[in-house]
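Visitor: The listed protein sequences derive, respectively, from chains Y and X.
Take the first sequence: its letters are residues 1 to 220, numbered as in this note's numbering.
Take the second sequence: its letters are residues 1 to 220, numbered as in this note's numbering.
The C-beta atom is built at its ideal place from N, Cα and C for all residues, glycine as well.
Being a predicted model, the structure only gives us computed values, none of them experimental.
Structure incoming, see below.
2 protein chains.
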Amino acid sequence: MKNAIHTENKRINIWLVEDNLRYRKSMATLINGTKGMRCMHAFVSCEEAIDMFAHDSPPEVILLDIGLPGISGIQGIEKFKKLSPSSLILILTIYDDSDKVFDALCAGASGYLLKDSSPEKIIESIKEVLSGGAPMNMKIAHKVLNLFAQFNKKKSDYRLTDREKEILQHIVAGLTKQQIADELFLSFHTVNTHLKNIYIKLHVHNISGAVSKVYKENIL
Amino acid sequence: MKNAIHTENKRINIWLVEDNLRYRKSMATLINGTKGMRCMHAFVSCEEAIDMFAHDSPPEVILLDIGLPGISGIQGIEKFKKLSPSSLILILTIYDDSDKVFDALCAGASGYLLKDSSPEKIIESIKEVLSGGAPMNMKIAHKVLNLFAQFNKKKSDYRLTDREKEILQHIVAGLTKQQIADELFLSFHTVNTHLKNIYIKLHVHNISGAVSKVYKENIL
DNA sequence: ATATAAATGCCGCAAACATGGTATAGACTG
DNA sequence: CAGTCTATACCATGTTTGCGGCATTTATAT
């Protein structure tokens with residue numbers, strides 16, 4: 001009876017974390033009314049869900065709100081992921097600002113839905129995340145791409161020559177001027193001169209300023 | 001609540017850049033066979049498409065391959081965006097590795113599809129990108145989320161004390177030890193000692209090593 | 001209560017750095 | 001052909017760093 005052969009009959013184990021009573025009830029009803037899915041637990045807070053990991057086997061999917069009392073959904077993601085790395089976390093929230101999206105996805109969420117999504121869309125998204133996808137609201141996906149575009153926008157050009165870039169790379173790597181000279185078969189004085197010119201071009205006056213600029217403005 | 005695009009008689013102006021003859025033909029046929037869409041030009045290379053910007057009005061959507069002879073699709077994105085920032089670029093390629101995806105999205109692509117997508121999916125995606133979405137293949141969306149997770153990868157903990165972190169921040173900002181001492185109302189010797197301990201904890205021996213480590217491992 | 005860690009302060013010295021010069025040779029540009 | 005850019009090299013000088021050691025006070029933990 002408790003034979004593993006009947007796994008095809010087992011329903012997907014889903015946990016729900018949502019502080020709003022009505023939404024929680026309706027989501028649980030939706031999930032339990034769907035063939036192959038089972039809302040095993042519905043929690044009001046992350047704390048309750050965290051406790052449950054000690055008493056029950058972890059779920060395949062966690063549907064998680066962000067605006068929660070106590071531990072926020074964002075913080076919750078990391079804790080859940082630590083307790084059960086294989087559990088997939090699907091954010092279901094009203095917040096669509098870039099910061100929340102960014103934080104949630106960085107923390108390890110596998111999908112991001114807005115609460116105005118249709119029940120069909122939510123069920124579909126649960127299936128999608130289980131099959132290795134990353135369900136996202138259309139607007140959210142757009143924000144995600146914008147976040148990417150922002151990353152690459154700052155490539156300042158300080159018109160460093162190839163030699164200067166080469167030397168700057170070695171500086172960033174932590175070598176001293178003399179070590180760089182040895183490495184590149186140059187005189188110490190040459191490296192010194194190049195670095196002098198680099199400082200002028202980057203508008204810095206020491207190594208730390210140069211290295212910081214390299215990383216902050218994505219030079220090289 | 002009708003979208004302006006649907007009320008207008010004009011069809012959506014789409015350009016196609018794809019070096020494979022058969023795929024190019026079949027895509028053009030697909031688009032032109034879709035109500036409200038028109039494949040205005042089909043190019044073999046980015047160069048040809050770039051030339052066309054001088055002779056015809058820019059398209060609403062560019063369907064772009066990545067593996068192209070001459071200017072690659074990735075480089076093409078930036079050039080197209082410069083020539084016509086409002087044109088939306090939809091990548092349509094066989095490459096699904098994270099590097100390509102990352103580069104394309106950073107360059108300004110508005111969507112990323114794989115060539116194994118069904119014709120219906122492609123048409124749907126064109127509509128989605130026009131309505132402000134970011135159509136992505138399921139696997140691609142998953143990779144995008146993984147890229148985010150990598151960004152926020154666990155910041156290594158070198159057990160720096162608050163004071164040490166504070167001093168390291170000032171070092172990263174480009175201040176000298178003496179300037180930091182003045183800034184924090186400390187003795188030069190204190191700053192010196194702290195930095196000494198920071199070096200030991202970070203396993204570096206100079207400022208550039210420390211600053212590099214701060215950025216590379218997301219310390220502070 | 002007593003060990004431990006953190007923050008603070010001090011000394012000294014060799015090494016490395018920052019910055020002001022000057023200068024030559026080759027490459028490219030108008 | 002003259003002018004600019006780049007890479008190369010050298011010099012001098014004062015400043016800053018890296019690192020060895022040592023010491024005190026405070027806070028935390030056992």
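(1) So, are the CB atoms of residue 67 (chain X) and residue 89 (chain X) less than 8 Å apart?
(2) Listing by chain order, which chain Y residues have their CB less than 9 Å from the CB of residue 23 (chain X)?
(3) Give the residues of chain Y in contact with residue 145 (chain X), contact being defined as C-beta atoms less than 7 Å apart.
(4) Which residue from Y:120, Y:97, Y:124 and Y:158 puts its Cα closest to that of residue 146 (chain Y)?
(5) With 16 other CB atoms within 10 Å as the buried threshold, where does residue 205 (chain Y) fall?
(6) Examine the ligand NAD and report whether any of its heavy atoms sits within less than 7 Å of the Cβ of residue 45 (chain Y).
(7) Output needed for residue 111 (chain Y): all residues of its chain with C-beta closer than 7 Å, excluding positions within five of it in sequence on either side, in chain order.
(8) Taking the alpha carbon of residue 103 (chain Y) as the reference point, which residue from X:57, X:103 and X:148 has its own alpha carbon closest?
(9) In angstroms with no decimal places, state the Cα-to-Cα distance between residue 29 (chain X) and residue 65 (chain X).
(10) On the CB-based measure, 16 or more other CB atoms within 10 Å of its CB, does residue 220 (chain X) come out buried or exposed?
(11) Measuring alpha carbon to alpha carbon, tell me which of X:166, X:55, X:34 and X:45 ends up nearest residue 75 (chain X).
(12) Measure the alpha-carbon distance for residue 221 (chain Y) versus residue 106 (chain X) and round it to whole angstroms.
(13) Can you tell me which of the three DSSP states residue 13 (chain X) falls into?
(14) Could you confirm whether any beta carbon from chain Y is found closer than 8 Å to the beta carbon of residue 203 (chain X)?
(15) Which chain Y residues sit within Cβ distance under 7 Å of residue 206 (chain X)?
(16) Which word fits residue 24 (chain Y), buried or exposed, when buried means at least 16 other C-beta atoms lie within 10 angstroms of its C-beta?
(17) Find the nearest neighbour of residue 79 (chain X) within the set X:95, X:52 and X:101, judged by alpha-carbon distance.
(18) When the cut-off is 8 Å and only beta carbons count, does residue 139 (chain X) lie next to chain Y?
(19) Out of Y:63, Y:142 and Y:40, which has the shortest C-alpha to C-alpha gap to residue 55 (chain Y)?
(20) Can you tell me where the beta strand (DSSP E) with residue 43 (chain X) in it begins and where it stops?
(21) Please tell me whether residue 168 (chain Y) and residue 198 (chain Y) are closer than 8 Å, where the distance is taken between their beta carbons.
(22) Measuring only the C-alpha atoms, how far is residue 207 (chain Y) from residue 82 (chain X)?
(23) Is residue 142 (chain Y) close to chain X? Criterion is C-beta to C-beta, closer than 8 Å.
(24) Measure the alpha-carbon distance for residue 7 (chain Y) versus residue 14 (chain Y) and round it to whole angstroms.
(25) Could you have a look at residue 77 (chain Y) and say whether DSSP puts it in helix, strand or coil?
(26) With 16 as the cutoff for other CB atoms within 10 Å, does residue 177 (chain Y) come out buried or exposed?
(27) List the endpoints of the continuous alpha helix (DSSP H) containing residue 21 (chain Y).
(28) Which ranges would you report for the alpha helix (DSSP H) in the region 176-219 of chain X if only whole runs of at least 4 residues count?
(29) Using beta-carbon positions only, say whether residue 26 (chain Y) and residue 59 (chain Y) come within less than 8 Å of one another.
(30) What residues of chain X sit near residue 148 (chain Y), judged by a beta carbon separation below 7 Å?
(31) Going along the chain, which residues of its own chain have a beta-carbon closer than 8 Å to the beta-carbon of residue 196 (chain X), five neighbours each way excluded?
(32) So is residue 216 (chain X) buried or exposed if we call it buried at 16+ other beta carbons inside 10 Å?
Guide: Let me spell this out:
(1) no
(2) Here the premise fails: no neighbours, minimum Cβ distance about 24 Å.
(3) 105, 110 and 134
(4) Y:97
(5) exposed
(6) The ligand NAD is absent from the structure shown, which contains no ligands of any kind.
(7) 90, 91, 125, 129, 134, 135 and 136
(8) X:148
(9) 17 Å
(10) exposed
(11) X:45
(12) Absent from the structure is residue 221 (chain Y), since the part of chain Y shown begins at 1 and ends at 220.
(13) strand
(14) no
(15) 174
(16) buried
(17) X:52
(18) yes
(19) Y:40
(20) 37-43
(21) yes
(22) 35 Å
(23) yes
(24) Reliability fails at residue 7 (chain Y), whose pLDDT of 47 lies under 50, so the model's placement of it is uncertain and the value that follows must be treated cautiously. Those two C-alpha atoms are separated by around 16 Å.
(25) helix
(26) buried
(27) 21-32
(28) 177-184, 188-202 and 207-216
(29) no
(30) 105 and 106
(31) none
(32) exposed
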